[in-house]
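>
Residue numbers (full-length UniProt numbering): 1 to 292.
#1: Have a look at 155, 115, 202 and 130 and flag the residue whose alpha-carbon is nearest the alpha-carbon of residue 106.
#2: Cα-Cα, which of 183, 78, 72 and 10 is closest to residue 32?
#3: Thinking residue 231 and residue 259 are a contact (beta carbons under 8 Å), I'd like their distance in whole angstroms, please.
#4: Please go through the region 47 to 109 and give each complete beta strand (DSSP E) segment of 3 or more residues, from N-terminal end onward.
#5: Is the CB-CB distance between residue 267 and residue 164 below 7 Å?
#6: Assuming residue 160 contacts residue 286 (C-beta within less than 8 Å), just tell me the rounded distance between them.
#7: Using CA coordinates, which residue listed in 14, 47 and 145 is at the minimum distance from residue 68?
#8: State buried or exposed for residue 328, treating a residue as buried only when at least 16 other CB atoms are found within 10 Å of its CB.
#9: Count the other CB atoms within 10 Å of the CB of residue 261; is the residue buried (16 or more) or exposed (fewer)?
#10: Restricting to Cα atoms, I'd like to know which of 176, 205, 221 and 185 is closest to residue 156.
#11: Would you tell me roughly how many angstroms separate the C-alpha atoms of residue 152 and residue 97, rounded to the nearest one?
#12: Measure the C-alpha to C-alpha separation of residue 92 and residue 66 and round it to an integer number of angstroms.
#13: With DSSP run on the structure shown, which of helix, strand or coil describes residue 229?
#14: Thinking just about the alpha-carbon of each residue, which of 288, 134, 195 and 82 is nearest to the one in residue 167?
#15: With distance defined between alpha-carbon atoms, name the residue in 280, 274 and 269 nearest to residue 28.
#16: Find out if the Cβ-Cβ distance for the pair residue 95, residue 127 is shorter than 7 Å.
#17: Could you give the distance in angstroms between the alpha-carbon of residue 283 and the alpha-carbon of residue 75?
#18: Just the C-alpha distance for residue 40 and residue 118, rounded to the nearest angstrom, thanks.
#19: Opposite residue 256 in the DSSP bridges: which residues?
#20: Which residue wins for smallest C-alpha separation from residue 35, given the options 18, 71 and 86?
#21: Is residue 195 helix, strand or coil by DSSP?
#22: Assess contact between the region 214 to 229 and the region 244 to 256, defined as three or more Cβ pairs (one per stretch) separated by less than 8 Å. Is contact present?
#23: Which residues mark the beginning and the end of the alpha helix (DSSP H) in which residue 27 is found?
#24: In angstroms with no decimal places, state the Cα-to-Cα distance between residue 63 and residue 214.
#25: Rounded to whole angstroms, how far is the Cβ of residue 197 from the Cβ of residue 102, which I believe are closer than 8 Å?
#26: Assign residue 183 to one of two classes, buried (16 or more other C-beta atoms within 10 Å of its C-beta) or exposed (fewer than that).
#27: Give the secondary structure of residue 213 by DSSP, where H, G and I count as helix, E and B as strand, and everything else as coil.
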């Protein structure tokens, strides 16, 4: 999906304007929301979440799903179609997280929020039909970044981390950053805008809680098995694949898949990009296998 001449890009707007435009775009591109057994709003240790129950008798395995949007835009509501697909196709109780957004809440607010939700899930989801012995975490883009950070901070908690085109190194030293940094949905200018909001004045881009590629080998060795999805025309392609390789080198079981010809964001666009359905089914297949 190339940028359209004359159409403002998200990074050319204020954060509030970008959220409104972005949420409308993701809802339109997400397709018709699938039916699930039940969906409810809740608050998890002070963090708003949306819960989705699959059909069938529980207790159900649990997926903490963390939306993308450069830590600045996006919401659980805008990723409703994705969360419903994941719940229905994988048979998971999905907890979709509305973490605090930058620039109003820069790093480490989002990390603190997803950790608070994970703590709530571990203690409370059992009474809601979830099985805390079968938990996974996942997300797309910034959400995949937060998922990897959470998996590293809570070893032994998750049976799978599903990382869809993750941001893993906010210094972006890889060739794909230059090769794919202009003319598509996610550009170098957009990345600089998102990261400027998220990092603020003080955060170090090499902090492993910012850039999980900088986690030490012992931390990565304790991480759960991973599915890492990348896109051929994505500035984040190489850092996602580098993270998959570091996990492998640490002894973690990794399935890594590159969707050639696809752009950053395609996973959330099944209404426009049919390959998104294939990628969603790959994630749900990995979720089902995690507890087979």
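Even for Gly, the Cβ is constructed at its ideal location relative to N, Cα and C.
On the basis of the coordinates in this document:
#1: Looking only at 155, 115, 202 and 130, the smallest Cα-Cα distance to residue 106 is reached by 202.
#2: Nearest option by C-alpha distance: 78.
#3: Beta-carbon to beta-carbon, residue 231 and residue 259 are separated by about 5 Å, close enough to satisfy the 8 Å threshold.
#4: Look at the region 47 to 109 and you find these whole runs of beta strand (DSSP E), each 3 residues long or longer: 47 to 53, 60 to 66 and 93 to 97.
#5: Yes, the Cβ-Cβ distance between residue 267 and residue 164 is below 7 Å.
#6: So it is a contact: roughly 6 Å between Cβ atoms.
#7: Between residue 68 and the set 14, 47 and 145, the nearest pair of CA atoms involves 145.
#8: No answer is possible for residue 328: it lies beyond the span of the chain, which begins at 1 and ends at 292.
#9: With fewer than 16 other Cβ atoms within 10 Å, it is exposed.
#10: Distance from the Cα of residue 156 is smallest, within the candidate group 176, 205, 221 and 185, for 221.
#11: Cα atoms of residue 152 and residue 97: separation of roughly 18 Å, rounded to the nearest angstrom.
#12: The straight-line gap from Cα to Cα measures roughly 15 Å.
#13: Residue 229 sits in a strand when the DSSP states are folded into three classes.
#14: The option with the nearest alpha carbon to residue 167 is 195.
#15: When each option's Cα is compared against that of residue 28, the closest is 269.
#16: No, they are not a contact pair.
#17: Straight-line Cα distance between these residues: approximately 20 Å.
#18: Linking residue 40 to residue 118 through their CA atoms gives a straight-line distance of about 18 Å.
#19: Answer by DSSP bridge pairing, in chain order: 228.
#20: Answer by Cα proximity: 86.
#21: Residue 195: helix per DSSP, three-state reduction.
#22: They touch, by the three-pair rule.
#23: 15 to 29 is the extent of the alpha helix (DSSP H) around residue 27.
#24: Those two C-alpha atoms are separated by around 25 Å.
#25: Right, their Cβ atoms sit about 4 Å apart.
#26: Under this definition residue 183 is an exposed residue.
#27: Of the three classes helix, strand and coil, the one that applies to residue 213 here is helix, per DSSP.
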